[in-house]
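All remarks here apply to the structure that follows.
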Amino acid sequence: MQHASQPHTGVVAAALELFASQGFDATSVEQIAKAAGVSRSTFFRQYGGKEDVVFTDHEQMLDDLRSFFDQPHDDPWEAVCEASERVFEYFVRDPELARRRYEIVREVPVLRDREIVTVFRYERLFDEYLRDALPGIAPIDAVGFSALVTAVHNHVLRQLLRGRKVPVSTLRTALDDVRRRYGVLPGGADAAPDDVVVAVFPRSMPIAEISRRVQAELS
4 MQHASQPHTG VVAAALELFA SQGFDATSVE QIAKAAGVSR STFFRQYGGK
54 EDVVFTDHEQ MLDDLRSFFD QPHDDPWEAV CEASERVFEY FVRDPELARR
104 RYEIVREVPV LRDREIVTVF RYERLFDEYL RDALPGIAPI DAVGFSALVT
154 AVHNHVLRQL LRGRKVPVST LRTALDDVRR RYGVLPGGAD AAPDDVVVAV
204 FPRSMPIAEI SRRVQAELS
């Protein structure tokens, strides 16, 4: 499994350390660039500004997830959950950096606003992928599933950011419950291939998923 890369960790860490020690507003781009060992022009070219450097890893992760969704997936619902796990795994690899970022974002209003927009971009990406992968899916099912996956991810992530050791399996279990609530968690009800196919589905399963499974069985 490929994961979001961490090409900017040194610059991000330097910026967060300065923000923590002297405040976000009091820290200049020049100070960040010097602390990170890059030129001012390089910083602006790669990051754009102080806000951008805090969220640059998210930009990389969003790009990585777009590439992930461009690959074929047998189960689109599972693919969305796997995408969520990939983001979580990124933070698990360097929880201290993630916690420092969390503390800074929590204290700076402009960064809190930026974080809200960033979270919505993940949710929208999941929503758009499901609509493309499951033609005919009810919009409420696509947006509802995407919103719930994002909310569950953030709930589990906050436990990590507050100092607890949270393995990826904790998120995976929670996301399995999300799929179960939507009736799209595989398990036990699939009929063996035969001349006659009898299918049993939960009432909560979206029509588009029922159609996908029936077509897969018949093919």
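Residue numbers (the working numbering): 4 to 222. The C-beta atom is built at its ideal place from N, Cα and C for all residues, glycine as well.
Does the beta-carbon distance from residue i to residue j come in below 8 Å?
{"i": "residue 114", "j": "residue 54", "result": "yes"}
{"i": "residue 150", "j": "residue 134", "result": "no"}
{"i": "residue 132", "j": "residue 47", "result": "no"}
{"i": "residue 156", "j": "residue 90", "result": "yes"}
Pick from the options: whose alpha carbon is nearest that of residue i?
{"i": "residue 41", "options": "81, 165, 13 and 104", "result": "13"}
{"i": "residue 165", "options": "56, 121, 98 and 111", "result": "98"}
{"i": "residue 17", "options": "64, 63 and 103", "result": "103"}
{"i": "residue 123", "options": "56, 62, 92 and 96", "result": "62"}
{"i": "residue 69", "options": "130, 168 and 96", "result": "130"}
{"i": "residue 15", "options": "27, 35 and 29", "result": "35"}
{"i": "residue 101", "options": "162, 219, 179 and 25", "result": "162"}
{"i": "residue 118", "options": "178, 56, 84 and 137", "result": "56"}
{"i": "residue 172", "options": "141, 221, 84 and 147", "result": "84"}
{"i": "residue 225", "options": "168, 209 and 220", "result": "With the chain covering only 4 through 222, there is no way to say anything about residue 225."}
{"i": "residue 109", "options": "27, 178 and 177", "result": "27"}
Could you check how far apart the C-beta atoms of residue i and residue j are, in whole angstroms? I think they sit under 8 Å.
{"i": "residue 143", "j": "residue 22", "result": "Not really, about 40 Å apart at Cβ, beyond 8 Å."}
{"i": "residue 204", "j": "residue 190", "result": "Between residue 190 and residue 204 the Cβ distance is about 12 Å, and since that is not below 8 Å, they are no contact."}
{"i": "residue 207", "j": "residue 184", "result": "7 Å"}
{"i": "residue 141", "j": "residue 211", "result": "7 Å"}
Just reading off the alpha helix (DSSP H) that residue i is part of, what are its end residues?
{"i": "residue 76", "result": "Neither: residue 76 is in no alpha helix (DSSP H) and is coded neither H nor E."}
{"i": "residue 97", "result": "Taken as a continuous stretch (DSSP letters only), residue 97 belongs to no alpha helix (DSSP H), as it is neither H nor E."}
{"i": "residue 168", "result": "Where residue 168 is concerned, there is no enclosing alpha helix (DSSP H), given that its DSSP letter is neither H nor E."}
{"i": "residue 217", "result": "210-221"}
{"i": "residue 130", "result": "112-136"}
{"i": "residue 207", "result": "Taken as a continuous stretch (DSSP letters only), residue 207 belongs to no alpha helix (DSSP H), as it is neither H nor E."}
{"i": "residue 35", "result": "32-39"}
Any heavy atom of the ligand GTP closer than 7 Å to the beta-carbon of residue i?
{"i": "residue 101", "result": "The ligand content of the structure shown is nil, which means the ligand GTP is not present either."}
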